[in-house]
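Here the numbering used here is used: the first residue of the sequence shown is 4, the next is one more, and so on.
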Amino acid sequence: MFTIDQIKEAHAKVQTGSDFPNYIQDLIILGVKGYDTFVSNGNVEYFGVNNYKVSSDEKYPEIQIAPVANKERFIEFLVMHQDGQTDYLTFCNHAAQCGIAKWRVDIIEMTCTYFDKDDNEILIEKIPS
């Protein structure tokens with residue numbers, strides 16, 4: 004089974020959103036099936052086979068999540084991030100401003116789904132391979 008240290012090592016290679024596809028490939032090799040990232044503090048829960056789960060610590064001071072999602076503005080910020088124009092913390096702040104509370108990466112389905120505070124799906128995107 005994978006460890007938080009192994010995941011941290013893979014994540015250390017990620018500088019911008021354009022590095023994300025390679026990060027996903029590293030997680031597949033480790034045996035990660037998916038993970039939830041919580042925008043409010045950066046905590047991540049990673050999932051593997053047989054209900055295996057590990058969680059990371061909070062990564063930054065708490066960010067307030069806007070009460071209402073703004074999907075259109077979030078898409079603009081997401082495109083900027085995926086183009087390498089913003090770093091991770093900036094992207095998290097942008098997501099929070101747009102009412103995104105968490106995102107779930109499903110490595111089996113190769114999707115990333117963004118949710119609001121009420122766990123409503125705001126956007127589902129395919130992860131480039």
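All C-beta atoms in this analysis are idealised placements derived from N, C-alpha and C, irrespective of residue type, glycine included.
{"Check": "Taking the alpha-carbon of S58 as reference, which of Q85, Q88, Y38 and A98 has the nearest alpha-carbon?", "Outcome": "Y38"}
{"Check": "Rounded to the nearest angstrom, how far is the Cβ of N46 from that of D60, given a contact under 8 Å?", "Outcome": "7 Å"}
{"Check": "With DSSP as the reference, identify every bridge partner of L126, one or two as the case may be.", "Outcome": "Y117"}
{"Check": "Rounded C-beta distance between E128 and T114? I'm assuming under 8 Å.", "Outcome": "7 Å"}
{"Check": "With respect to the alpha helix (DSSP H) encompassing D8, which residues constitute its N-terminal and C-terminal limits?", "Outcome": "I7 to H14"}
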